[in-house]
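Heads up: the structure comes next, in structure tokens.
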């Protein structure tokens, strides 16, 4: 077991989840309840990472974040090092390829909350903020948990995009999934087997948890 | 729109809106009063209620004031949010928070009350709507009638300046409904809040309300006490909306002296009427007579009353509904002059009423109401 790459993977998963969750709540709420121009375009863009080959997504991210791009140059001027082939680079990539996993379960949950409930909350004197914390989020909670667990597990497992954008730098961008590939290439099957078993068990538990949350959450359902 | 608000105790509503569902509505509901907004489906009742609650209707011209506070005034640019208005709204499907128990639902509407006092007060309100002991039940564990009571309790917990009820009885069975009617009447003796009830059910409205406001295509046609509106509809349209069947057209006749009764030429008949106001002679008028103003002549024992607007014809239909019989009488054997009235089965049997029988009736002059055509 390579603890360094496990550490990179966990760091990436935690940061991705922590940053993406509030963004997804905002985005999915808007997609669920508001009508605005370009809504279907945004929905399509959010879903795109589901169907796009990781190499394609990785290629475009490499171009968009690379040293010749506006984003890349700006980042390099401020921080003093390139964005691609760094932890921050794969974090940005991770945020983007996880969008569908984070947004879609939340959006389904928010869509299932009747507009009457929010209006009843306002008429009961609860502010928009109180309505969010006390009515909307508790009712959308199964979706929120799915969103969190799926984002976390999927980040641990992502291979192609991370490799394209981050390369294979130990302690910086070499995640568990990339390390498995690396070990197999080096005929170190036993280390690959340990890490594969870890990812297999973790992913399995994650799916069981998500399914369990979908079927029962709170005795009021 | 020149509305001056002199009474500061109740709620006053004056809405003029062209966009979306067009509204032309003016009405008010005093303290201790229950106003029923009545109209067919799609007449804008719910939209009107939602506008009062501040959930929609920022466009158009409108003034809504409650207990002297301006909630909405388009000319002054005032529009209070639903949170600022303090309305107690009971939604048609109750809109209870499903993840909260009955007690928590009520507590959710008590943010304005100091924390330590909330719990006791919420329990008190729940027992007031006969839900004592069910505090910990979740909405899915409650029957339709119980959900309606929780919804009402939550609305009351807000200490509302006006209670708004949107078809609150439509989703429960008849037995529960009758029970909830009684409970609402009981509740009214304890709260002073003006109550606005939206319903398409005229019977329900007349049973519960002090005042009726008839709504049609977003327009308020008539507002008045229940007895007033039911006996004296403002127009033929209102008469149809409140289900008055005996609606006819005639010509208003001249009187020889001011002491003579008013008269209407109706086909070959001259109908005498007790009261009429400012109608030019020779003008076409609509007139109605409620079923209760139609008096059957007894064949065995004629009386003096029989001379009052006597009419004769054949019974075209007899319909028994429970203990009453609905009689359709084709006056002069013509279907266009069909008068419908109800009798108790006992009276119908005693007079040997049957389909096709020839009978005569009187129309009580004091129950006939004349309206100018629109």
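Protein chains in written order, with the working numbering: chain Z, 30 to 250; chain Y, -3 to 370.
Note that beta-carbon positions come from the ideal geometry of N, C-alpha and C, so glycine has one too.
Values in this document were obtained by computation on a predicted structure and should not be read as measured data.
- Rounded to the nearest angstrom, the gap between the Cα atoms of residue 168 of chain Z and residue 334 of chain Y is 58 Å.
- Taking the C-beta atoms as reference points, residue 233 of chain Y is found no nearer than 8 Å to residue 285 of chain Y.
- When secondary structure is reduced to three states using DSSP, residue 175 of chain Y falls in the helix class.
- DSSP places residue 248 of chain Y in the uninterrupted beta strand (DSSP E) bounded by 243 to 248.
- Selection Y/292, Y/270, Y/31, Y/261 evaluated against residue 277 of chain Y yields Y/261 as nearest (Cα-Cα).
- Rounded to whole angstroms, residue 317 of chain Y and residue 340 of chain Y show a C-alpha spacing of 10 Å.
- Around residue 149 of chain Y, no beta-carbon contact reaches into chain Z at under 7 Å, the shortest distance being about 11 Å.
- With its beta carbon at least 8 Å from every one in chain Z, residue 99 of chain Y lies outside the interface.
- From the listed residues Y/148, Y/45, Y/24, the smallest Cα separation to residue 187 of chain Y is found for Y/148.
- Each residue's CA atom was taken as its position, placing residue 151 of chain Z and residue 160 of chain Z some 7 Å apart.
- Put simply, the CB of residue 155 of chain Z is near chain Y, with a gap under 8 Å to one of its CB atoms.
- Z/172 is the residue among Z/166, Z/146, Z/172, Z/164 whose C-alpha sits nearest the C-alpha of residue 135 of chain Z.
- When Cβ-Cβ separations below 8 Å define contact, residue 83 of chain Z makes no contact with chain Y.
- At a beta-carbon threshold of 9 Å, the residues of chain Y lying near residue 168 of chain Z are 93, 94, 95, ordered along the chain.
- Those residues of the region 134 to 156 of chain Z placed with their C-beta closer than 8 Å to a C-beta in chain Y are 143, 145, 146, 148, 149, 150, 151, 152, 153, 154, 155, 156, ordered along the chain.
- Residue pairing from DSSP places residue 209 of chain Y in a beta bridge opposite Y/33, Y/219.
- Rounded to the nearest whole angstrom, the C-alpha separation of residue 205 of chain Z and residue 115 of chain Z is 16 Å.
- Excluding five sequence positions before and after residue 289 of chain Y, the CB atoms of its chain that fall closer than 7 Å to its own CB belong to 359, 360, 363, 364, given in chain order.
- Contact annotation: in the region 216 to 228 of chain Y, no residue has its CB less than 9 Å from a CB in chain Z.
- Within the region 135 to 222 of chain Z, no run of beta strand (DSSP E) reaches 3 residues while sitting entirely inside it.
- DSSP lists Y/323 as the bridge partner or partners of residue 337 of chain Y.
- Chain Y has a Cβ within less than 8 Å of the Cβ of residue 249 of chain Z.
- Taking every protein chain shown into account, the CB of residue 219 of chain Y has 16 or more other CB atoms within 10 angstroms, so this residue is buried.
- Here residue 325 of chain Y is near residue 311 of chain Y, since their CB atoms are less than 8 Å apart.
- DSSP places residue 83 of chain Y in the uninterrupted beta strand (DSSP E) bounded by 83 to 86.
- Around residue 87 of chain Y, the beta-carbon contacts reaching into chain Z at under 7 Å are 145, 149.
- Under DSSP, residue 365 of chain Y takes part in a beta bridge, and its partners are Y/284.
- With respect to the 8 Å criterion, residue 153 of chain Y and residue 192 of chain Y are not classified as neighbours on the basis of their beta carbons.
- The beta carbon of residue 163 of chain Z sits closer than 8 Å to some beta carbon of chain Y.
- Partner residues in a beta bridge of residue 62 of chain Z, as assigned by DSSP, do not exist.
- One thing to note: residue 78 of chain Y has its Cβ within 8 Å of the Cβ of residue 49 of chain Y.
- Membership of residue 130 of chain Y in any beta strand (DSSP E) is not indicated, and neither H nor E is assigned to it by DSSP.
- Segment contact: the region 175 to 186 of chain Z against the region 35 to 52 of chain Z, three or more CB-CB distances shorter than 8 Å; contact assigned.
- Bounds of the beta strand (DSSP E) holding residue 306 of chain Y are 306 to 317.
- Sequence-distant partners of residue 5 of chain Y (beyond 5 residues in either direction) whose C-beta falls short of 7 Å from its own C-beta, in its chain, are 26, 27, 63.
- Boundaries of the beta strand (DSSP E) harbouring residue 68 of chain Y: 65 to 69, taken from the DSSP string.
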